[in-house]
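Colleague: The following block contains the structure, expressed as structure tokens.
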Amino acid sequence: MPHPHTPADDSHTVQVDPLNAAEQVWAAQHREIITGLCAGTVDTQTLGDLFDRVQAIWLQSEERDRTDPESLVHAFGVSLGDLVAQRVPMLVWGSARADGAPELVLTHPEIDLVVFPVAAVAESWGTAPVGWVKDYVEETAGGALAVIAVAHQPH
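Residue numbers (the numbering used here): 888 to 1042.
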């Protein structure tokens, strides 16, 4: 979900910087994993279908045999963010530094808007219903567009 906040809102202080070279490479590597698994075409339908299949296989495996889902979460998170960014003009990847390690997020250069697609996948992994990717992309893009529209209204 978009995470709009105002500069006076101290409870949501998130500093977002442009991606550094290592973060750009990291994102590209995770993007390539999904692109390869989607036969080169990553749209909401193909990503959603892949997410549903991979999560189901992961859930069906014995708990002791399950691999750490972190790399899957990162790969799906980057591709999910790319799909949201395609629908929302001017959203760009950045590196958020809130409490702890940097996290890749989408941000808007002109207004206070931060979207956390990697964190959304991490939070939903293992419990996301079938169709979660499509719902996330539609709801998040719609929410971000609404925040941008309000920010551009004359006050």
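Virtual Cβ for every residue (Gly too), placed ideally from N, Cα, C.
(1) State the start and end residues of the unbroken beta strand (DSSP E) segment that holds L991.
(2) Per DSSP, which residues does Q902 bridge with? Please list them.
(3) By the three-class DSSP mapping on this structure, what secondary structure does D929 have?
(4) Going by beta carbon distance, what residues of the same chain come within less than 6 Å of V965, once the five residues before and after it are set aside?
(5) If you draw a straight line from the alpha carbon of D896 to that of R951, how long is it in whole angstroms?
(6) Please classify Q868 as buried or exposed, where buried requires at least 16 neighbouring CB atoms within 10 angstroms.
(7) What is the DSSP secondary structure of V1017, counted as helix, strand or coil?
(8) Closer than 7 Å by C-beta to V992: which residues in its own chain qualify, once you throw out the five before and the five after it? Chain order, please.
(9) Straight-line CA distance for H961 to I921?
(10) Between V971 and A1028, which are expected to be in contact by the criterion C-beta below 8 Å, what is the C-beta distance as a whole number of angstroms?
(11) Thinking just about the alpha-carbon of each residue, which of V929, L906, Q947 and T928 is nearest to the one in T1014?
(12) Which residues in the same chain as A1038 place their Cβ atom closer than 7 Å to its Cβ, once the five residues preceding and following it in sequence are excluded?
(13) Rounded to whole angstroms, what's the CA-CA distance from D955 to A1036? Just pull it up for me.
(14) Between the Cα of E910 and those of A988, V1008, H995 and V1024, spot the shortest distance and give me the residue it belongs to.
Modeller: Short version:
(1) E990 to T994
(2) R984
(3) Looking at the sequence shown, residue 929 is not Asp but Val. Secondary structure of V929 (DSSP, three-state): coil.
(4) A914, H917 and R918
(5) With a pLDDT of 41 at D896, under the threshold of 50, the modelled position of this residue cannot be trusted, and the question is left open.
(6) Any property of residue 868 remains undetermined from this structure, which presents the chain solely from 888 to 1042.
(7) DSSP places V1017 outside both helix and strand once states are collapsed to three, so it counts as coil.
(8) V903, G981, A983, V1001, V1002 and F1003
(9) 10 Å
(10) 5 Å
(11) Q947
(12) Only I998 meet the Cβ criterion.
(13) 40 Å
(14) A988
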